[in-house]
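Here is the structure we will look at.
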Amino acid sequence: MTASILRGLFRRLNVIVVLGLLAAGLVSGPAAAAGGTYQQVTGFGSNPGNLTMYQYTPANLPVGAPLVLALHGCTQTANDYHTHSGWQKFADLWGFAVVYPQTSAVNNSLSCFSWFDATKDTRGRGEAASVLQMVDHAQAQLGSDRHRIFVTGLSAGGGLAADLLADYPDVFAGGSIDSGLPAQCATTQNAASSCQNGTRNLTPAQWGDTVRGSFPGYTGPWPRVAIWQGTSDTTVKPVNATELRDQWTNVQGIGQTASSTRSLPGNTTVSTYADSAGRPVVALYSISGMGHGLAVDPGSGDDQCGTAGAYFLDTVCSSYHTATFWGLDGSPTAPGPLPAPTGLRVTATTGSTVSLTWNAVDGAVSYSVRRNGTAAGSTASTSYTDTGLAPEAAYGYTVAAVDSSGATGSVSATVTATTTGAAPRCFTAGNYSHVAAGRAHQSGGYAYANGSNQNMGLDNVFTTHTLQEAPNGYFVIADGGCPA
2 MTASILRGLF RRLNVIVVLG LLAAGLVSGP AAAAGGTYQQ VTGFGSNPGN LTMYQYTPAN
62 LPVGAPLVLA LHGCTQTAND YHTHSGWQKF ADLWGFAVVY PQTSAVNNSL SCFSWFDATK
122 DTRGRGEAAS VLQMVDHAQA QLGSDRHRIF VTGLSAGGGL AADLLADYPD VFAGGSIDSG
182 LPAQCATTQN AASSCQNGTR NLTPAQWGDT VRGSFPGYTG PWPRVAIWQG TSDTTVKPVN
242 ATELRDQWTN VQGIGQTASS TRSLPGNTTV STYADSAGRP VVALYSISGM GHGLAVDPGS
302 GDDQCGTAGA YFLDTVCSSY HTATFWGLDG SPTAPGPLPA PTGLRVTATT GSTVSLTWNA
362 VDGAVSYSVR RNGTAAGSTA STSYTDTGLA PEAAYGYTVA AVDSSGATGS VSATVTATTT
422 GAAPRCFTAG NYSHVAAGRA HQSGGYAYAN GSNQNMGLDN VFTTHTLQEA PNGYFVIADG
482 GCPA
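Residue 173 in this note's numbering sits at position 172 of the sequence shown; the count goes up by one each step and never skips.
Structure follows, in structure tokens:
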């Protein structure tokens, strides 16, 4: 028997012993943490996903504190994640509770969360519903701040975390997907491997639609999302991080060009993507040379955490940087005081313009309109017409309210508008000039309009016609008048 198997048996034996003591009422939890309590929680709901709930509560946790949910990877347990990930350190330091959902081999032979099963990972169903019941139970027992609930997960746990953000954007203020998959990348187990090992070749808008389709009718605000990925990951290919970036920037109504890039320890590069108010709402952490796992950085430094082990890789403390990205350290990250405008809709399009309207927001003195993630203009009214656009092109629009101090509020849901074809153009000239300009062609001494192939008469300078072009490159004789 190998040493690793023995360690696994001893770990399971310890859990069994402590759980037995729990049942007897002799200890407060399966792991006695300095300054806080880590314990299994039962009776949290009907539990349709057949999950187990563990919870870490720091000592003297105040009412109104944040709540973090942390989901383990395949072959792991809640205790593994609690022990190695480093979340306990920052829960104690900054004052928030952590809930660790746990699945088992009964649900999946490798104890993976079912991020790939539409009967289990969608709003109100299976594991997703069980996790929400854990949120509700913890919030009721601890008095957690309903506006500061976050979810993170590794690998399959990361895939389910992404699904939860899409299923319950009205619940989670932020999320972190570590070596994980885009939300609703697969809806059956057979399709899961194609997500892990390749790309579905979806556009950012199509990826965004998988999120928007998870809770139809929801208009925002959307969670802030951190994405962690090792460049040498062969279990979940790095392209998944790019697709996650595409997915969540599109949901936020911003482009896929980073607002800023900087270096972190452990050969880590973080690219951030800011909203119209300049606040980072998506962050992509790429760790050069790291394989499949959660990034940890054992040590006593302020930005260090965790312990190394199987799938806990010594590079950088992801839990620290995720927590600060969410603002759990007290840094200002929340949107401005005004809510997102609702009812954003397209009222008219032409070949070069798009007209929009939306519902008024109390307290707004103006509105900021963005096109494909870039500022398009501002207006004091609840309507706006964007001009100078290309014909037959699709554009994504969002709008945010601005208060009297200049603070920009939450960004609305994205609407897509497609401009019409170009307005007809007309040209009056002799047949010879039409042919020379490429609007017509000559055959057998006669001129014929390009596209329609209408006979225009002799190819000479004396025969004159008006040609109308619509669409581009298609000409018809319009001697009786041209709408242009």
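Think of the CB as a built atom: it goes at the ideal place given N, C-alpha and C, for glycine as much as any other residue.
I need the boundaries of the beta strand (DSSP E) containing residue i, first residue and last residue.
i: W229; result: 225 to 231
i: F117; result: Element bounds for F117: n/a, residue is neither H nor E.
i: L133; result: That residue, L133, is in no beta strand (DSSP E); its alpha helix (DSSP H) goes 127 to 143.
i: C427; result: 426 to 431
i: A296; result: 295 to 297
i: F216; result: No beta strand (DSSP E) contains F216, which DSSP labels as neither H nor E.
i: G154; result: 150 to 155
Taking its Cβ as the centre, do 16 or more other Cβ atoms sit within 10 Å of residue i, making it buried, or is it exposed?
i: R371; result: buried
i: V366; result: exposed
i: R246; result: buried
i: A438; result: exposed
i: G482; result: exposed
i: G234; result: In the sequence under discussion, the amino acid at residue 234 is Asp, which differs from the Gly named in the question. By the 10 Å Cβ count, D234 comes out buried.
i: A381; result: exposed
i: P217; result: exposed
i: G199; result: exposed
i: R440; result: buried
i: T78; result: buried
i: A167; result: buried
i: Q248; result: buried
i: F91; result: buried
i: Q142; result: exposed
i: Q207; result: exposed
i: S301; result: exposed
i: S194; result: exposed
i: G37; result: buried
i: G364; result: exposed
Skipping 5 residues on each side, what residues in its chain have a beta carbon closer than 7 Å to that of residue i?
i: G96; result: P59, L62, P63, A66
i: G474; result: N451, G452
i: T354; result: T386, D387, T388, L390
i: N373; result: G256, Y396, G397
i: C75; result: L111, S112, C113, S156, A157
i: A34; result: For A34, the pLDDT reaches just 46, beneath the cut-off of 50, and the residue's location in the model is therefore unreliable, although a value from the coordinates is still provided. Around A34: Y57, Q89.
i: D480; result: H466, T467
Can you give me the Cβ contacts of residue i inside the same chain, cut-off strictly under 8 Å, excluding the 5 residues immediately before and after it?
i: Q413; result: The sequence as given places Ser at residue 413; Gln does not occur at that position. Excluding sequence neighbours, S413 sits near T220, G221, G254, A341, P342, T343, L345, W359, T399, V400, A401.
i: Q140; result: L68, R147, I150
i: G214; result: Q185
i: Y449; result: A441, H442, Q443, Q455, N456, M457
i: A24; result: Bear in mind that the predicted position of A24 carries a pLDDT of just 32, short of 50, making it too unreliable to give a figure here.
i: L357; result: L345, R346, V347, T348, V370, S384, Y385, T386, D387, Y398, V400, V416, A418
i: G446; result: L459, D460
Which same chain residues end up closer than 6 Å to residue i when comparing Cβ atoms and leaving out the 5 residues on each side of it in sequence?
i: D304; result: C318, Y321
i: E470; result: R426, F476
i: A106; result: S112
i: S177; result: T153, A227, T323
i: A32; result: Reliability fails at A32, whose pLDDT of 41 lies under 50, so the model's placement of it is uncertain and the value that follows must be treated cautiously. Closer than 6 Å at the Cβ level, and outside the excluded window around A32, lie Y39.
i: P266; result: V317
i: H85; result: G307, T308, G310, F313
i: S272; result: A259, T262, L285
i: P281; result: T273, A275
i: G160; result: W116, G181, L182
i: A394; result: T420
Going by DSSP, which residues form a beta bridge with residue i?
i: G37; result: P59
i: C441; result: First, the amino acid is wrong: residue 441 is Ala here, not Cys. According to DSSP, A441 bridges with A450.
i: F544; result: In this structure the chain extends from 2 to 485, so residue 544 is not present and cannot be described.
i: V416; result: Y398
i: T409; result: V403
i: L52; result: For L52, which the question treats as bridged, DSSP gives no partner whatsoever.
i: G458; result: A448
i: G310; result: F313
i: F476; result: G452, E470
i: V42; result: M54
i: Y286; result: W229, V271
Specify, as a first and last residue, the run of the alpha helix (DSSP H) that residue i falls within.
i: Q469; result: Careful: Q469 lies outside any alpha helix (DSSP H), inside the beta strand (DSSP E) at 465 to 470.
Taking 7 Å as the cut-off, is the beta-carbon of residue i closer than that to any non-hydrogen atom of the ligand FMN?
i: A192; result: Only the bare structure without any ligand can be found here, which leaves the ligand FMN out of the picture.
Exercise for the section: Please go through the region 223 to 280 and give each complete alpha helix (DSSP H) segment of 4 or more residues, from N-terminal end onward. Expected result: 240 to 253
Practice task
Tell me the start and end of each unbroken beta strand (DSSP E) in the region 59 to 113 that is at least 3 residues and wholly inside, in chain order.
Solution key: 68 to 72, 98 to 103
Handout entry: Complete runs of the beta strand (DSSP E) confined to the region 329 to 404 [at least 3 residues]
Key = 346 to 350, 355 to 358, 367 to 372, 375 to 380, 384 to 387, 395 to 403
Exercise for the section: Quick one: which unbroken beta strand (DSSP E) runs of 3-plus residues sit fully inside the region 160 to 213? Chain order, please. Expected result: 175 to 179
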